[in-house]
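**Student:** Please find one structure pasted underneath; my questions will follow.
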Amino acid sequence: MTSRQTAIPYLLILPSLVLAAAIIFWPVGSLIEIATNDVNRFGQLKGWNDFANFSALFANADFISALWRTGLWTVLVVGGALLVSVPVALILNEDFYGRDIARVILMLPWAVSLTMTAVVWRWSLNGESGMLNSALMGLGIISENVQWLASGDLAFAMQVLIGILVTVPFTTTIFLGGLSSIPQDLYEASALEGASRLQQFRHITLPLLKPFINIALVLNTIYVFNSFPIIWVTTQGGPANSTDILVTHLYKLGFRIGKLGEASAVSLIMLAILLVFTIIYVRLAMKEREA
Amino acid sequence: MKSRFLKTILTAGLSLAALTSVALAGTVRVTVAEYSAKTGPYFAEAEKAFEAANPGVDIQIEVVPWDVLLQKLTTDIGAGSNADLSIIGTRWLIDFVKQDVAEPLDQFITPEFKDRFIETFLSPSVMDGKTYGLPIAASARAMYYNKELFEKAGITEPPKTWDELKAAAEKISALGGGVYGYGLQGKEIETDVYYYYAMWSQGVEILDKDGKSGLGSDGAIAAAKIYKELIDKKLTQPGVTSFSREDVQNLFKQGKIGMMITAPFLSNQIKEEAPNLKYGVAAIPAGPSGARGTYGVTDSIIMFKNSQNKEEAWKFLDYLFTTDMRAKFTQGEGFLPVNKEEAKMDYYVNNADLKAFTDLLPSARFAPVIPGWEEVAQKTSDALQKIYLGDVEPDVALKATAEEINGILQK
Amino acid sequence: MSKLKRSIIAWALLSPLVVLSLFPFAVMFITAVKPQAEVLNPTWWPSEIRWQNFIDMWTVTNFGRALFNSLYTSLIATIGAILISIPAAYALSRFRFRGRGAFNQFLLISQMLSPIVLVVGLFRLIAALGLVDNVPTVGVIYMAFNIAFTVWMLQSYFATIPKDLEEAAWMEGASRGQTLIKVFLPLVTPAIAVTAIFTFINAWNEFVIALTLLRRQESYTLPIQVFSLVAGRYTVEWHHVMAATLVATIPVAILFAWLQRYLVRGLSLGAVK
């Protein structure tokens, strides 16, 4: 191979490398700088401070509980979305009347900006003049108004549900793609051998869907972990910080209270958590493939 | 075809970039908070009129939603790309002054200019003898009550004390049908303030004489107990911790609550959205000793130290604070007049609603001028939410929060 | 099982999700057409359907301008991301070179950095360049944030296309560049289309970057414009908010309906045989 040819792949990846590095990694450097310095509320640096921002965080009970809640939030939303999406994709992969319409309807939540979805839900979940209570009342399901967002537990449950609802379309689409790549003759052959549909699902569909489940799991974990609008718009992490996750905590620290140093430290911690998660996950996935 | 399309996009992008990056001499950028749908058009009009009268000066208005104003200012100032003038909450001013980003305006202020203002509203923007901001919006709080519900419940007069308020709330809540006596805010901006009304009436201040938090005192705990009792006896709307100020106001507009405490702008909203609602405005209830307090708020417009066009910026300020311009703004948004001449206008003198507010001004408290005030407010709101939900007893929650606040104040 | 029976079961199983998916749209629509006096009343049956609200909303919310800005940024992001990602994805799927794994990891890491986490640092960068409140800049940033995903999608799709066709073309004396354009690209159009849609939707709905970087109302994109009607105002005109949200959603919804089959097909990474 000539040297010109060896250079080709590097030239091809160069533009994407430069753009992503400039716009995404440069700010990380800036965050590290802010996080390790004493800064005022406008982000003007006042000197190195021995990781005081990090130790302040770990001494803060609100941060610790937001950390745990972020884990819970991510597991529930990602897990819930995967559990819902697999059967939905299986159904949508069948041939039935109105399938195209069903696909479009189930994709619709994806078409609305997350912020706007959250605004609409906040409006619908209002205890006294919300349209959800009004609808449930009209259908005779409830007899008095439910205060959906008043207590942390119920509010968080609703937020998780909304989170799942908006994550399902993307996940289902990935699975549908995976399903359509499974050759039909595999099913026909196993049907000839007398395999039941459940057996087919376990021995053909699930193994072949696995790489797609992996993609959905990794991407959704990253997105949900970082997801801001649903919780911020509906409760701003309240009441009494009982629905705070790391991003909402970060926003309050940085832009409400003006502790930019601690906010940047939260950013870096979040990044570290995601890195560790991805490394572990990629290792596990690779080991499985080798086994 | 494709490449021509791209070329158009690129050139369009470049020309736009060129347009925005070249600042004209005499450009004054102004960041304004969006109070209502009328804010943008008001400033657009002011911009046009001012530019016509002052050729060569280019005013650029940036309308920012209130919720993100502090965030934008934070990022802007950090990067040195802030505007020349900006509206800020006066309670944030101390941070701006301490970090040396606000320009003192005394070099521009003439005695005549200073004389335009009502002293109460100008003084919160004065620090260490220097005037750092001009009050662009001023407001106080009073109690709105629904006359129709009062009549139905057989109440003749708006309650003057918290005991009377409780009695009135009992009668109104007894009407049933999704109607509640007292609208209690328990979420988001000013959740703490909604509680201070009760606290001030117990003779307790946010900060005591030694500059320590008043939250741990007996009066503060008694005030929290008043609200907790209202909630427990179902005299407020259910689920208070899910109601922001706007949510409670919406309930009032729908005629679902008997009483609530809020700002003059609710009158404007009722006029437009619920014109048939019969309501009155009265003083905030007093405590056993007759003490009472309302919350006075001003937003200030400040000039930044790094402004390149201070002369022009000042000219624009001078124009905004002429009587006519003030009147148009204040009346449109539903604020209180800050201008002496303006306050004499018929609109204010013959307005019973507004009179209730101006009468309360002598008992108005402004947010204390301390760095870290936002954090203190946040901590207080958190504690209140725990109390309202019944998670923690009032005395335990408030005493713990007072400790925390004292810690913040010491820094 | 007959198709009819299968259809009934399928719809019955999907119905809870269908209801939940449509619920927000029903709320948006009903609220958007209510007369102002009824907006706060949670009834599902307004006394009249007021289409005029949509027309009022258009002028009150400065909708046309925001629509233009949204299209502008989304198109820059989509076209740019695709143009930059195709060569990178091609390199990853057709060349073995040192640093290939590292580049892949670099992409995965850049996926993890969400705008909200980076916003402080990102703003300092853009402000240092003097590009705050510049609409095309926002488009370019969206482009950068989408590159990892687009390269990834395209690469896994490209990998499924057998090399034989290209090799056959080389044998006939076509250059690598010619082969790429004449043989390879036509084969991968579905993948490009789908990837473009993903990018477009992401850019269309993006919130945090636009909120931080755009200043004047004239440069607002749709999500920011609608948000500014809700955030911290003393009163919210909910019927206008809902009308604006609904109208902002329509272009994307149509895109979905139109390309729905394509979308799935494009995602099925091994579909082309």
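Chains as they are written, first to last, in my numbering: chain C, 1 to 291; chain S, 1 to 411; chain A, 1 to 273. C-beta atoms are modelled at their ideal positions from N, C-alpha and C, and glycine is treated no differently. Just so you know, these numbers come straight off a predicted model, no measurement behind them.
Mind the definition here: the region 140-153 of chain A touches the region 78-91 of chain A only if three or more C-beta pairs lie below 8 angstroms; say whether that holds.
**Tutor:** yes
**Student:** Three or more C-beta pairs closer than 8 angstroms, one from the region 25-40 of chain S and one from the region 85-98 of chain S: is that the case here?
**Tutor:** yes
**Student:** Below 9 angstroms between beta carbons is the criterion; list the residues of the region 107-123 of chain A that meet it against any residue of chain C, in chain order.
**Tutor:** L107, L108, I109, S110, Q111, M112, L113, S114, P115, I116, V117, L118, V119, V120, G121, L122 and F123
**Student:** Would you verify that the beta carbon of P27 of chain C is, or is not, closer than 8 angstroms to some beta carbon of chain S?
**Tutor:** no
**Student:** From the DSSP output, in three-state form, read off N309 of chain S for me.
**Tutor:** coil
**Student:** How big is the Cα-Cα spacing for K340 of chain S and R116 of chain S?
**Tutor:** 6 angstroms
**Student:** At the 8 angstroms Cβ level, is F207 of chain A part of the contact set with chain C, yes or no?
**Tutor:** Output row for F207 of chain A: interface = yes.
**Student:** Out of S:E404, S:F50, S:L336 and S:G290, which one is the CA nearest neighbour of K160 of chain S?
**Tutor:** S:G290
**Student:** May I ask you to report which of helix, strand or coil DSSP gives S227 of chain C?
**Tutor:** coil
**Student:** To the nearest angstrom, report how far apart V104 of chain C and I49 of chain A are at their CA atoms.
**Tutor:** 26 angstroms
**Student:** Does the structure place the region 300-309 of chain S close enough to the region 221-237 of chain S that three or more beta carbon pairs sit under 8 angstroms?
**Tutor:** no
**Student:** In or out: Q105 of chain A buried (at least 16 other Cβ within 10 Å) or exposed?
**Tutor:** exposed
**Student:** Where does H240 of chain A land, buried or exposed, given buried means 16+ other C-beta within 10 angstroms?
**Tutor:** buried
**Student:** Closer than 7 angstroms, Cβ to any Cβ of chain C: which residues of the region 128-141 of chain A, in chain order?
**Tutor:** Near chain C, meaning a CB-to-CB distance below 7 angstroms, the residues of the region 128-141 of chain A are I141.
**Student:** Using only alpha-carbon positions, find the residue among A:T31, A:I224, A:I55 and A:I9 that is nearest to S47 of chain A.
**Tutor:** Closest by alpha carbon: A:T31.
**Student:** For the region 244-255 of chain S, which residues have a CB atom closer than 8 angstroms to at least one CB atom of chain C, in sequence order?
**Tutor:** D247, N250, L251 and Q254
**Student:** Verify the CB distance criterion: does L14 of chain A have a CB-CB separation below 8 angstroms to chain C?
**Tutor:** Interface with chain C (8 angstroms Cβ-Cβ cutoff): L14 of chain A is included.
**Student:** E33 of chain C touches chain S at which residues, Cβ-Cβ below 9 angstroms?
**Tutor:** Within 9 angstroms Cβ-Cβ: nothing; E33 of chain C doesn't reach chain S, min ~12 angstroms.
**Student:** CA-CA distance, Y295 of chain S and G237 of chain C?
**Tutor:** 26 angstroms
**Student:** Does any C-beta atom of chain S lie closer than 8 angstroms to the C-beta of Q147 of chain C?
**Tutor:** Yes, Q147 of chain C counts as interfacial toward chain S.
**Student:** For I181 of chain A, which three-state DSSP category applies?
**Tutor:** Correct three-state label for I181 of chain A: helix.
**Student:** With a floor of 4 residues, list each alpha helix (DSSP H) that falls wholly inside the region 15-79 of chain S, ordered by position along the chain.
**Tutor:** 39-53 and 66-79
**Student:** Should the region 263-275 of chain S be called in touch with the region 122-135 of chain C, which here means at least 3 C-beta pairs below 8 angstroms?
**Tutor:** no
**Student:** Spell out the partners DSSP gives S139 of chain S in its beta bridges.
**Tutor:** S:V297
**Student:** Does the pairing of the region 17-32 of chain C with the region 267-277 of chain C give three or more beta-carbon distances under 8 angstroms?
**Tutor:** yes
**Student:** In chain order, what residues of the same chain have a beta carbon less than 7 angstroms from the beta carbon of V39 of chain C, not counting five sequence neighbours either side?
**Tutor:** L45, K46, L260 and G261
**Student:** Using a C-beta to C-beta distance shorter than 8 angstroms, which residues of chain A count as neighbours of P15 of chain C?
**Tutor:** I84, P87 and A88
**Student:** For A10 of chain A and K379 of chain S, I'd like the C-alpha separation in whole angstroms.
**Tutor:** 51 angstroms
**Student:** Give me the residue from A:P87, A:L14, A:L129 and A:T235 with the minimum Cα distance to I8 of chain C.
**Tutor:** Nearest of A:P87, A:L14, A:L129 and A:T235 to I8 of chain C, Cα basis: A:P87.
**Student:** Quick one: which chain C residues come within Cβ less than 9 angstroms of V18 of chain A?
**Tutor:** A102, I105 and L106
**Student:** For T161 of chain S, list the residues DSSP reports as bridge partners.
**Tutor:** S:A286
**Student:** Taking CB distances under 8 angstroms as the criterion, tell me whether V78 of chain C reaches chain A.
**Tutor:** So no, V78 of chain C is outside the interface.
**Student:** In angstroms with no decimal places, state the Cα-to-Cα distance between F23 of chain A and T117 of chain C.
**Tutor:** 11 angstroms
**Student:** With a 10 Å radius around its C-beta and 16 neighbouring C-beta atoms as the bar for buried, classify I192 of chain A as buried or exposed.
**Tutor:** buried
**Student:** If we ignore side chains and look at the alpha-carbon of each, how far apart do K187 of chain S and V230 of chain A end up?
**Tutor:** Approximately 16 angstroms between the Cα atoms of the pair.
**Student:** Assuming K420 of chain S is part of the alpha helix (DSSP H), what are its boundary residues?
**Tutor:** The structure shown does not extend to residue 420 of chain S, since chain S spans only 1 to 411, so no value can be given for it.
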